[in-house]
Each structure stands twice: as structure tokens, then as C-alpha cells.
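These notes concern the structure reproduced below.
In the working numbering, the protein residues as written are 2 to 294.
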């Protein structure tokens, strides 16, 4: 149970797209699209151009906006595709099971619609299990993986621990519980504006999505990987969850993995310390030939 709290603090589809009726905040109107996944729409943003594509996947109760500090840095270096996972942001929010497999199929629908055959995938927080499942289901579509304060290892918890953890989000005061949960991830003074913007996404995420996504994430058998054969970058905050044992686990998955720790930041490290995070990502992309040096 303690591990979970530290971490969080610290099928057939028919794709088609159309321009969004309103722009995603911070992005131009012409870059925003919807694609069909079954009977539901998945929203995504496409920026920049080039032979290489970087797909950015947000975490629990998030949206494309968590990557606002990365867009200016990378949109002129390669193509960027930012996705609102089903149930989040401008995507539809159906009453369904929010499994990592469902999210992975949404990414595949977006890439098919955007005519992207192969991409680098970056996943923040819950986005790490999501891109892990995508890699498991669609390995030929992945050039590299990037995890941002998100685990590649499943969570070992008892049924009782899980019930205690999820209980606040099943109740009538679920929004207050989610607000406190996410708010605690911004412990540093001066990050209040960043926190409040993230909390807007939380308030926009329905209760059934919050609960369902947690349930999907903690089903480790559905997404945990045994081996990674593509380049891997791991960037985490400095907190007790990311132990030497976890780093060893990562290197067992991918012996050549790049592993970095950013100190003095909360969970949303790419928002709090964008220059440092962007430098690690830039070096990784350059080293593997995805962008020019």
C-alpha cells in the first residue's frame, strides 16, 4: 500500500477523423482531430512534421496539456502526436472498462488515422503502463519507449490494500479525494499555477473513468513486460519508490536503458523542470538518430 501512495505522489475499430470544433488549449485549431474507436471518439493533436514521430501519452485524470512545456521544444524537430486517452480531455467518456488494452487500442487508432507507421512513445505516470501494453500488442509500431515517473513494474498489493486505496474514489466525495491526491503531487512552493491547471483536468474526468483507470492500471498481468528490445529512456523524480532494485529491474528489461533521476521536483517533473527533462529527452532522441544533433 505504501508503495502505491509513494508512486502516485512522487477488438475492431473503424478510424476516421475530422478537425476539432474547438482548439485544444495552447494548440492551433488546425492541429486538433478526432478518430473513431468503436462508437467513441478519441481526441488527438498533431504538430510539426518529419520522418520521425514522438507520441506523448498523459497519466491518470490528465490530458494533452501536461506536455505543454515539451511542445515548443520538439515541434520543430520531429512530428508530435499528443493523445487524450479515452475518458480524458476532449475524448469521449463512455461507461466501459478502462483497461490498458483499451487505451492501447486508442493509441493504435490515432496512429492509423494520423498515418504514422512507427513512433517513439512517451508515457507519463499511468501512461507508462499504457505504452507498455501498446508495445506488447503492437511491437512493430514502436521505435523506442520513454517513461516519465511511471512504472514498468506492476504493483504487488493485497485485495484489502487495494480496497482501501480505491474506496475514496468510489464515494460521493470522489472529486475532493482526487483533488487532494493530485494536489499533494505538487509539494514545492511556486508550483500552484501548474497544480491548478492539472486540477482542471481532474475535475473534467468522470468518476467511472477515475475508478476504471485505476483498476486497469493495477491489473499488472495485462500490461507488465518481460523484455524490451527497443531503446528505452526512464526519467523519474527522486523519491523512495524508485529504488536501486527498480533500476535493476529496468536494466533487466532493457540492458542498454538510459536511466535518469531529477531531484527537487514533484510527480509532474516535465512541468516543474522542463529544461532538465527536455535535455534528457533531446539527448536520447539524438543518440538514437530520431532527431539531428
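Every residue, glycine too, gets a C-beta built ideally from N, C-alpha and C. None of these values were measured; they are calculated from a predicted model.
For the pair residue 84 and residue 164, the Cα-to-Cα distance works out to about 30 Å. With contacts defined by Cβ atoms closer than 7 Å, residue 224 and residue 134 form a contacting pair.
Going by DSSP, residue 69 is part of no alpha helix (DSSP H) at all; its letter is neither H nor E. DSSP places residue 84 in the uninterrupted beta strand (DSSP E) bounded by 80-84. With at least 16 other beta carbons inside 10 angstroms of its own, residue 266 counts as buried.
Remark: three or more beta-carbon pairs, one from each stretch, lie closer than 8 Å, so the stretch 94-112 and the stretch 211-221 are flagged as touching.
Annotation: the continuous beta strand (DSSP E) that includes residue 37 extends over 33-38.
C-alpha of residue 207 to C-alpha of residue 66: approximately 18 Å in a straight line. In this structure, residue 250 places its C-beta atom within 7 Å of the C-beta atom of residue 154. Contact between the stretch 234-243 and the stretch 279-290 is present, with at least three C-beta pairs closer than 8 Å. Look at the beta carbons and you see the stretch 139-149 not touching the stretch 166-179: under three pairs across the two are nearer than 8 Å. As far as DSSP is concerned, residue 182 takes part in no beta bridge. With respect to the 7 Å criterion, residue 200 and residue 272 are not classified as neighbours on the basis of their beta carbons. In this structure residue 32 is buried. Its beta-carbon is surrounded by 16 or more other beta-carbon atoms within 10 angstroms. DSSP places residue 148 in the uninterrupted beta strand (DSSP E) bounded by 143-149.
With contacts defined by Cβ atoms closer than 7 Å, residue 124 and residue 117 do not form a contacting pair. Around the beta carbon of residue 148, 16 or more other beta carbons lie within 10 angstroms, which makes this residue buried.
The C-alpha of residue 107 is placed about 16 Å away from the C-alpha of residue 213. Here residue 169 has 178 as same chain residues with Cβ atoms under 6 Å from its own Cβ, once five neighbours each way along the sequence are excluded.
The beta carbon of residue 186 sits closer than 7 Å to the beta carbons of 10, 267, 268, 269 from its chain, once the five residues preceding and following it are set aside; these are given in chain order.
With 16 or more other Cβ atoms inside 10 Å of its own Cβ, residue 54 counts as buried. Its chain contains 48, 49 as the residues whose beta carbon lies nearer than 7 Å to that of residue 76, once the 5 sequence neighbours on both sides are disregarded; these appear in chain order.
Annotation: the stretch 256-280 contains the following complete segments of the alpha helix (DSSP H) (minimum length 4 residues), in chain order: 270-273.
When DSSP reads this structure, residue 45 sits in a beta bridge with 34, 84.
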